[in-house]
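Some notes on the structure that comes next.
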Amino acid sequence: MKLRPSRAIFCLVLVLMVSAVLGGLFGGQVRATTKGEEDVDSSIKVFSNLLGLVEENYANEVDADKAVYGAIDGMLRTLDPHSKFFDPKAFNSLREDQRGKYYGLGIQVTTRFGKVTVISPPFLGSPAEKVGLRVGDVIAKVNGESTDKMDLNDVVSRLKGPRGTSVKIQIIRPGADEPIELSVIRDEIAKYTISNAFLIRPRIGYIKLDSFAETTGAELRDSLKKLDYKNLDGLVFDLRNNPGGLLQEAIEVCETYLEKGQLIVETRGRTRGSNRPYSSQKLNSDNHFPLVVLINAQSASASEIVAGAIQDHDRGLIVGQTSFGKGLVQSVYPLSKNAGLALTTQKWYTPSGRLIQRDYSQISQFDYYNHRETSPAKRDDIKHSDIGRIVYGGG
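Going by the working numbering, the sequence shown opens with residue 1, and the numbers climb by one from there.
Quick look at the structure:
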(Lines of atoms letter the chains of each structure in order from A and count residues from 1; the text may use other names and numbers.)
(Lines give C-alpha, C1' and ligand atoms only; values in the text may rest on other atoms or scores of the structure.)
Protein backbone atom coordinates (compact mmCIF):
# COMPACT_ATOMS: atom_id res chain seq x y z
CA MET A 1 0.00 0.00 0.00
CA LYS A 2 1.38 3.40 -0.99
CA LEU A 3 1.25 5.84 1.92
CA ARG A 4 0.24 9.46 1.54
CA PRO A 5 3.03 11.91 2.43
CA SER A 6 1.33 12.88 5.70
CA ARG A 7 0.94 9.25 6.71
CA ALA A 8 4.54 8.57 5.73
CA ILE A 9 5.63 11.36 8.11
CA PHE A 10 3.63 9.78 10.92
CA CYS A 11 5.22 6.40 10.23
CA LEU A 12 8.72 7.89 10.19
CA VAL A 13 8.14 9.72 13.48
CA LEU A 14 6.79 6.51 15.01
CA VAL A 15 9.85 4.56 13.87
CA LEU A 16 12.17 7.25 15.29
CA MET A 17 10.37 7.14 18.63
CA VAL A 18 10.44 3.35 18.86
CA SER A 19 14.10 3.29 17.84
CA ALA A 20 14.88 5.76 20.63
CA VAL A 21 13.04 3.62 23.16
CA LEU A 22 14.95 0.56 21.98
CA GLY A 23 18.14 2.51 22.60
CA GLY A 24 19.58 2.79 19.13
CA LEU A 25 18.59 6.03 17.47
CA PHE A 26 21.05 6.39 14.60
CA GLY A 27 23.86 5.45 16.93
CA GLY A 28 25.10 2.39 15.13
CA GLN A 29 23.46 0.19 17.75
CA VAL A 30 20.02 -0.39 16.26
CA ARG A 31 19.01 -3.80 17.47
CA ALA A 32 15.26 -3.70 17.19
CA THR A 33 13.96 -7.10 18.11
CA THR A 34 11.48 -8.93 15.95
CA LYS A 35 8.88 -8.10 18.60
CA GLY A 36 9.78 -4.41 18.35
CA GLU A 37 9.51 -4.45 14.56
CA GLU A 38 6.16 -6.20 14.77
CA ASP A 39 4.92 -3.58 17.24
CA VAL A 40 5.87 -0.76 14.85
CA ASP A 41 4.20 -2.48 11.88
CA SER A 42 1.09 -3.15 13.94
CA SER A 43 0.88 0.45 15.17
CA ILE A 44 1.27 1.80 11.64
CA LYS A 45 -1.52 -0.46 10.39
CA VAL A 46 -3.82 0.56 13.24
CA PHE A 47 -3.19 4.25 12.58
CA SER A 48 -3.60 3.92 8.82
CA ASN A 49 -6.88 2.06 9.23
CA LEU A 50 -8.12 4.59 11.78
CA LEU A 51 -7.26 7.55 9.55
CA GLY A 52 -8.97 5.84 6.62
CA LEU A 53 -12.16 5.40 8.64
CA VAL A 54 -12.07 9.03 9.74
CA GLU A 55 -11.53 10.32 6.20
CA GLU A 56 -14.35 8.20 4.78
CA ASN A 57 -16.96 8.51 7.52
CA TYR A 58 -16.45 11.70 9.54
CA ALA A 59 -19.35 14.16 9.26
CA ASN A 60 -17.19 16.91 7.77
CA GLU A 61 -14.41 16.82 5.20
CA VAL A 62 -11.11 15.98 6.90
CA ASP A 63 -7.79 17.77 6.36
CA ALA A 64 -5.46 14.74 6.37
CA ASP A 65 -2.32 16.76 7.13
CA LYS A 66 -3.98 18.49 10.08
CA ALA A 67 -5.24 15.16 11.44
CA VAL A 68 -1.84 13.48 11.11
CA TYR A 69 0.04 16.41 12.63
CA GLY A 70 -2.37 16.38 15.57
CA ALA A 71 -1.80 12.64 16.03
CA ILE A 72 1.96 13.18 16.05
CA ASP A 73 1.68 15.95 18.66
CA GLY A 74 -0.41 13.69 20.86
CA MET A 75 2.08 10.86 20.48
CA LEU A 76 5.02 13.06 21.43
CA ARG A 77 3.23 14.37 24.54
CA THR A 78 3.46 10.87 26.00
CA LEU A 79 7.26 11.24 26.08
CA ASP A 80 8.21 14.60 27.57
CA PRO A 81 7.34 18.31 27.24
CA HIS A 82 10.20 19.08 24.84
CA SER A 83 9.99 16.45 22.09
CA LYS A 84 8.18 18.32 19.35
CA PHE A 85 6.97 17.97 15.77
CA PHE A 86 7.35 20.98 13.45
CA ASP A 87 5.14 21.53 10.43
CA PRO A 88 6.98 23.03 7.43
CA LYS A 89 6.40 26.66 8.44
CA ALA A 90 7.46 26.09 12.06
CA PHE A 91 10.47 24.00 11.00
CA ASN A 92 11.68 26.74 8.66
CA SER A 93 11.37 29.26 11.50
CA LEU A 94 13.36 26.94 13.79
CA ARG A 95 16.14 26.68 11.21
CA GLU A 96 16.22 30.46 10.84
CA ASP A 97 16.61 30.86 14.60
CA GLN A 98 19.42 28.30 14.67
CA ARG A 99 21.29 29.86 11.75
CA GLY A 100 20.85 33.37 13.10
CA LYS A 101 19.72 34.73 9.74
CA TYR A 102 16.88 34.72 7.23
CA TYR A 103 16.04 36.22 3.84
CA GLY A 104 13.54 39.04 3.93
CA LEU A 105 13.14 42.79 4.33
CA GLY A 106 14.63 43.56 7.75
CA ILE A 107 11.64 44.98 9.60
CA GLN A 108 9.78 44.19 12.81
CA VAL A 109 5.99 44.22 12.56
CA THR A 110 3.05 43.61 14.85
CA THR A 111 -0.73 43.97 14.68
CA ARG A 112 -2.03 47.35 15.90
CA PHE A 113 -5.74 48.12 15.71
CA GLY A 114 -6.11 45.22 13.31
CA LYS A 115 -3.39 46.48 10.94
CA VAL A 116 0.08 45.02 10.31
CA THR A 117 2.35 47.85 11.37
CA VAL A 118 6.11 48.50 11.33
CA ILE A 119 7.08 49.00 15.00
CA SER A 120 10.80 49.85 14.89
CA PRO A 121 13.26 51.41 12.46
CA PRO A 122 14.36 49.01 9.69
CA PHE A 123 17.63 47.20 10.33
CA LEU A 124 20.68 49.15 9.22
CA GLY A 125 21.50 48.44 5.57
CA SER A 126 18.44 46.24 5.10
CA PRO A 127 16.19 46.21 2.01
CA ALA A 128 13.47 47.91 4.07
CA GLU A 129 15.80 50.77 4.95
CA LYS A 130 16.89 51.15 1.33
CA VAL A 131 13.32 51.65 0.10
CA GLY A 132 12.49 54.04 2.94
CA LEU A 133 10.11 52.08 5.16
CA ARG A 134 9.37 53.89 8.44
CA VAL A 135 8.01 53.22 11.91
CA GLY A 136 4.21 53.45 11.75
CA ASP A 137 3.90 52.31 8.14
CA VAL A 138 0.96 49.94 7.70
CA ILE A 139 1.51 47.03 5.31
CA ALA A 140 -1.84 46.96 3.52
CA LYS A 141 -1.05 44.51 0.72
CA VAL A 142 1.60 41.90 -0.08
CA ASN A 143 1.91 40.95 -3.76
CA GLY A 144 -1.52 42.43 -4.40
CA GLU A 145 -3.32 40.61 -1.58
CA SER A 146 -4.89 42.54 1.27
CA THR A 147 -3.46 41.80 4.71
CA ASP A 148 -6.69 42.72 6.52
CA LYS A 149 -7.75 39.12 7.08
CA MET A 150 -4.26 37.59 7.22
CA ASP A 151 -2.70 36.22 10.37
CA LEU A 152 0.43 38.17 11.38
CA ASN A 153 2.60 35.07 10.92
CA ASP A 154 1.18 34.64 7.42
CA VAL A 155 2.16 38.19 6.52
CA VAL A 156 5.67 37.69 7.90
CA SER A 157 5.99 34.44 5.95
CA ARG A 158 4.96 36.16 2.71
CA LEU A 159 7.51 38.93 3.24
CA LYS A 160 10.26 36.32 3.47
CA GLY A 161 11.56 34.38 0.49
CA PRO A 162 14.65 33.39 -1.47
CA ARG A 163 17.49 35.88 -1.54
CA GLY A 164 17.37 38.20 -4.56
CA THR A 165 13.65 37.76 -5.20
CA SER A 166 11.25 40.69 -5.03
CA VAL A 167 8.07 41.25 -3.08
CA LYS A 168 5.56 43.99 -3.84
CA ILE A 169 4.02 45.73 -0.87
CA GLN A 170 1.49 48.51 -0.50
CA ILE A 171 1.91 50.68 2.57
CA ILE A 172 -0.32 53.27 4.16
CA ARG A 173 1.77 55.98 5.76
CA PRO A 174 0.37 58.38 8.35
CA GLY A 175 0.08 61.81 6.72
CA ALA A 176 0.36 60.51 3.14
CA ASP A 177 -2.55 61.23 0.79
CA GLU A 178 -2.29 57.97 -1.16
CA PRO A 179 -1.06 54.41 -0.52
CA ILE A 180 2.58 53.89 -1.48
CA GLU A 181 3.54 51.01 -3.76
CA LEU A 182 7.01 49.49 -3.26
CA SER A 183 8.96 46.63 -4.79
CA VAL A 184 11.57 45.31 -2.37
CA ILE A 185 14.41 42.88 -3.14
CA ARG A 186 14.84 40.34 -0.35
CA ASP A 187 18.30 39.95 1.15
CA GLU A 188 20.04 38.20 4.04
CA ILE A 189 18.99 39.57 7.41
CA ALA A 190 21.01 38.78 10.52
CA LYS A 191 19.06 37.78 13.63
CA TYR A 192 21.37 39.00 16.37
CA THR A 193 21.28 37.12 19.66
CA ILE A 194 22.93 39.94 21.66
CA SER A 195 20.59 42.91 21.89
CA ASN A 196 22.67 45.15 24.17
CA ALA A 197 26.33 45.57 25.10
CA PHE A 198 27.46 48.74 26.87
CA LEU A 199 29.23 50.15 29.91
CA ILE A 200 26.95 50.71 32.90
CA ARG A 201 29.65 52.94 34.28
CA PRO A 202 33.40 53.13 33.58
CA ARG A 203 34.94 49.63 33.47
CA ILE A 204 31.66 47.84 34.37
CA GLY A 205 30.13 46.12 31.36
CA TYR A 206 26.66 44.79 30.57
CA ILE A 207 25.72 42.23 27.90
CA LYS A 208 22.17 41.01 27.18
CA LEU A 209 22.01 37.63 25.43
CA ASP A 210 18.54 36.78 24.10
CA SER A 211 19.11 33.29 22.64
CA PHE A 212 21.78 30.87 21.44
CA ALA A 213 22.27 30.57 17.66
CA GLU A 214 25.18 29.74 15.37
CA THR A 215 26.38 33.36 15.57
CA THR A 216 26.33 33.71 19.37
CA GLY A 217 29.97 32.89 20.09
CA ALA A 218 31.22 35.40 17.53
CA GLU A 219 28.76 38.03 18.75
CA LEU A 220 29.95 37.60 22.34
CA ARG A 221 33.60 37.97 21.37
CA ASP A 222 32.80 41.13 19.40
CA SER A 223 30.80 42.57 22.30
CA LEU A 224 33.61 41.93 24.78
CA LYS A 225 36.08 43.64 22.47
CA LYS A 226 33.71 46.59 22.21
CA LEU A 227 33.69 46.81 26.01
CA ASP A 228 37.51 46.60 26.19
CA TYR A 229 37.23 43.41 28.26
CA LYS A 230 40.92 43.35 29.20
CA ASN A 231 40.36 46.43 31.35
CA LEU A 232 36.96 45.55 32.83
CA ASP A 233 36.45 45.59 36.58
CA GLY A 234 33.25 43.58 36.23
CA LEU A 235 30.62 42.29 33.81
CA VAL A 236 26.86 41.77 34.16
CA PHE A 237 25.80 38.96 31.82
CA ASP A 238 22.02 39.01 31.40
CA LEU A 239 20.33 35.69 30.54
CA ARG A 240 16.84 36.63 31.71
CA ASN A 241 14.05 35.42 29.40
CA ASN A 242 16.62 33.55 27.30
CA PRO A 243 14.92 30.28 26.22
CA GLY A 244 18.17 28.64 25.13
CA GLY A 245 19.17 27.26 21.76
CA LEU A 246 22.16 25.38 20.43
CA LEU A 247 24.24 23.26 22.83
CA GLN A 248 27.47 24.00 20.96
CA GLU A 249 26.97 27.75 21.35
CA ALA A 250 26.36 27.36 25.09
CA ILE A 251 29.71 25.56 25.27
CA GLU A 252 31.38 28.34 23.29
CA VAL A 253 29.95 30.98 25.63
CA CYS A 254 31.25 29.05 28.65
CA GLU A 255 34.68 28.82 27.05
CA THR A 256 34.77 32.62 27.06
CA TYR A 257 34.60 32.70 30.85
CA LEU A 258 36.10 29.43 32.13
CA GLU A 259 39.66 28.17 32.37
CA LYS A 260 40.99 25.71 29.82
CA GLY A 261 40.22 22.14 30.85
CA GLN A 262 37.30 22.96 33.14
CA LEU A 263 34.22 20.78 32.61
CA ILE A 264 31.27 22.66 31.11
CA VAL A 265 28.52 20.07 30.78
CA GLU A 266 28.04 16.33 30.47
CA THR A 267 25.38 14.71 28.29
CA ARG A 268 24.01 11.25 29.00
CA GLY A 269 21.78 9.12 26.81
CA ARG A 270 21.14 5.59 25.64
CA THR A 271 22.82 5.64 22.25
CA ARG A 272 26.46 5.42 21.25
CA GLY A 273 28.17 8.78 21.56
CA SER A 274 25.49 10.21 23.86
CA ASN A 275 27.53 9.96 27.05
CA ARG A 276 30.04 12.72 26.60
CA PRO A 277 31.75 15.38 28.74
CA TYR A 278 32.40 18.80 27.22
CA SER A 279 35.32 20.80 28.63
CA SER A 280 36.70 24.24 27.83
CA GLN A 281 39.34 24.06 25.12
CA LYS A 282 40.35 27.72 25.09
CA LEU A 283 42.88 29.66 27.15
CA ASN A 284 41.35 32.91 28.43
CA SER A 285 44.14 34.60 30.35
CA ASP A 286 42.53 38.05 30.03
CA ASN A 287 38.98 37.12 31.09
CA HIS A 288 39.36 37.18 34.86
CA PHE A 289 36.99 40.09 35.52
CA PRO A 290 34.30 39.55 38.21
CA LEU A 291 31.11 38.17 36.69
CA VAL A 292 27.42 38.43 37.65
CA VAL A 293 24.87 36.36 35.71
CA LEU A 294 21.21 37.41 35.76
CA ILE A 295 18.56 34.69 35.33
CA ASN A 296 14.82 34.32 35.90
CA ALA A 297 12.11 31.67 35.60
CA GLN A 298 12.23 31.92 31.79
CA SER A 299 15.98 31.31 31.53
CA ALA A 300 16.13 27.80 30.11
CA SER A 301 18.22 25.11 28.47
CA ALA A 302 21.45 26.60 27.08
CA SER A 303 21.08 29.53 29.49
CA GLU A 304 21.06 27.05 32.37
CA ILE A 305 24.11 25.26 30.98
CA VAL A 306 26.03 28.54 31.10
CA ALA A 307 24.71 29.58 34.51
CA GLY A 308 25.28 26.09 35.92
CA ALA A 309 28.89 25.88 34.76
CA ILE A 310 29.71 29.36 36.05
CA GLN A 311 28.07 28.57 39.40
CA ASP A 312 29.66 25.13 39.84
CA HIS A 313 33.14 26.50 39.16
CA ASP A 314 32.53 29.59 41.33
CA ARG A 315 33.43 31.75 38.34
CA GLY A 316 30.66 34.24 39.06
CA LEU A 317 27.58 35.07 41.08
CA ILE A 318 24.14 33.93 39.87
CA VAL A 319 21.42 36.49 40.69
CA GLY A 320 17.65 36.29 40.17
CA GLN A 321 14.95 33.62 40.26
CA THR A 322 15.10 29.84 40.04
CA SER A 323 15.56 29.09 36.34
CA PHE A 324 13.09 27.20 34.14
CA GLY A 325 14.56 23.73 34.65
CA LYS A 326 15.12 22.26 31.18
CA GLY A 327 17.79 19.59 31.27
CA LEU A 328 16.85 17.60 28.17
CA VAL A 329 18.70 17.68 24.84
CA GLN A 330 16.79 17.39 21.57
CA SER A 331 18.22 16.05 18.33
CA VAL A 332 16.58 17.61 15.27
CA TYR A 333 15.65 15.39 12.32
CA PRO A 334 14.38 16.73 8.98
CA LEU A 335 11.36 14.82 7.67
CA SER A 336 9.61 14.72 4.31
CA LYS A 337 7.45 17.64 3.14
CA ASN A 338 9.93 20.02 4.85
CA ALA A 339 8.66 19.08 8.31
CA GLY A 340 10.94 18.23 11.24
CA LEU A 341 11.17 16.43 14.56
CA ALA A 342 12.98 17.53 17.72
CA LEU A 343 13.32 14.36 19.78
CA THR A 344 14.79 14.17 23.27
CA THR A 345 17.84 11.89 23.06
CA GLN A 346 19.93 13.00 26.05
CA LYS A 347 19.88 14.59 29.47
CA TRP A 348 22.55 17.06 30.49
CA TYR A 349 24.29 17.56 33.82
CA THR A 350 26.28 20.47 35.24
CA PRO A 351 29.97 20.03 36.21
CA SER A 352 28.98 19.10 39.78
CA GLY A 353 26.60 16.42 38.48
CA ARG A 354 23.31 18.28 38.87
CA LEU A 355 20.37 17.38 36.62
CA ILE A 356 18.66 20.69 35.90
CA GLN A 357 15.51 19.14 34.42
CA ARG A 358 12.58 19.57 36.80
CA ASP A 359 9.89 16.97 37.30
CA TYR A 360 7.06 17.10 34.75
CA SER A 361 5.32 13.82 35.55
CA GLN A 362 2.57 15.22 37.79
CA ILE A 363 1.50 18.38 35.93
CA SER A 364 -0.03 19.27 32.57
CA GLN A 365 2.10 20.64 29.77
CA PHE A 366 0.20 23.92 30.03
CA ASP A 367 1.17 24.32 33.68
CA TYR A 368 4.70 23.12 32.94
CA TYR A 369 5.26 25.95 30.48
CA ASN A 370 3.06 28.70 31.90
CA HIS A 371 3.07 28.22 35.67
CA ARG A 372 6.61 27.59 36.82
CA GLU A 373 5.47 27.92 40.43
CA THR A 374 3.28 24.79 40.17
CA SER A 375 6.37 22.60 39.96
CA PRO A 376 8.96 24.11 42.29
CA ALA A 377 12.47 22.71 42.10
CA LYS A 378 13.03 19.83 44.47
CA ARG A 379 15.91 20.27 46.88
CA ASP A 380 16.89 16.61 47.09
CA ASP A 381 19.50 16.85 44.30
CA ILE A 382 22.26 18.46 46.36
CA LYS A 383 25.78 18.93 44.99
CA HIS A 384 28.74 21.16 45.78
CA SER A 385 30.65 23.76 43.81
CA ASP A 386 34.43 23.72 43.44
CA ILE A 387 34.91 25.58 46.74
CA GLY A 388 32.23 23.58 48.57
CA ARG A 389 29.13 25.76 48.27
CA ILE A 390 25.83 23.84 48.17
CA VAL A 391 24.09 23.91 44.77
CA TYR A 392 20.81 22.32 43.73
CA GLY A 393 19.35 20.59 40.68
CA GLY A 394 15.92 21.05 39.13
CA GLY A 395 16.44 24.61 37.92
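Yeah, the Cβ is synthetic: ideal placement off N, Cα and C, and Gly gets one too.
Membership of proline 127 in the alpha helix (DSSP H) is indicated by the continuous run 127-130.
Excluding sequence positions up to five before and after valine 265, its CB lies within less than 6 Å of the CB of Tyr278, Ile305 and Trp348, all in the same chain and listed in chain order. Residue range 276-279 is occupied by the beta strand (DSSP E) that includes tyrosine 278. Counting along the chain, the unbroken beta strand (DSSP E) around isoleucine 185 starts and ends at 180-185. Residue pairing of serine 146 in beta bridges, as defined by DSSP: Lys141. With distances taken between CA atoms, glycine 273 lies nearest to Ser331 out of Ser331, Glu249, Gly308 and Pro174.
Distance check between glutamine 248 and each of Gly353, Leu133, Thr271 and Ser211 places Ser211 closest, using alpha-carbon atoms only.
Glycine 104 sits in a strand when the DSSP states are folded into three classes. In the structure shown, threonine 256 falls within a helical segment according to DSSP collapsed to helix, strand and coil. Excluding residues up to 5 positions away in sequence, Gln170 lie with their Cβ nearer than 6 Å to the Cβ of glutamate 181 in the same chain. Here the alpha carbon of isoleucine 200 sits roughly 22 Å from the alpha carbon of isoleucine 310. Burial of arginine 186 is indicated by the presence of at least 16 other C-beta atoms within 10 angstroms of its C-beta.
Of all alpha-carbon atoms in Arg158, Lys141, Leu159 and Asp80, the one lying nearest the alpha-carbon of arginine 173 is that of Lys141.
Annotated three-state conformation of glycine 74 is helix, per DSSP. The C-beta distance from glycine 308 to threonine 345 rounds to 20 Å, too long to fall under 8 Å, and the pair is not in contact.
Under the DSSP assignment, proline 174 falls outside any alpha helix (DSSP H); it carries neither an H nor an E label.
If you draw a straight line from the Cα of serine 303 to the Cα of lysine 208, it comes to about 12 Å.
Restricting attention to Thr193, Asn287 and Arg276, the CA atom closest to the CA of glycine 205 is found in Asn287. Histidine 313 counts as buried, since no fewer than 16 other beta carbons sit within 10 angstroms of its beta carbon.
Taking the Cα of alanine 218 as reference, the smallest distance to any Cα among Ala250, Phe366 and Ile189 is reached at Ala250. As the crow flies, the alpha-carbon of leucine 53 is around 16 Å from that of glycine 70. With respect to the 8 Å criterion, serine 223 and isoleucine 189 are not classified as neighbours on the basis of their beta carbons.
Judged by their CB atoms, phenylalanine 86 and glycine 353 are not nearer to each other than the 8 Å cut-off. By the C-beta density criterion, serine 183 is exposed, having fewer than 16 other C-beta atoms within 10 angstroms. Secondary structure note for proline 88: it is in no beta strand (DSSP E), and the uninterrupted alpha helix (DSSP H) holding it is 88-99. In the structure shown, the three-state DSSP call for valine 62 is coil. A straight line joining the alpha-carbon of leucine 317 with that of valine 292 spans about 5 Å.
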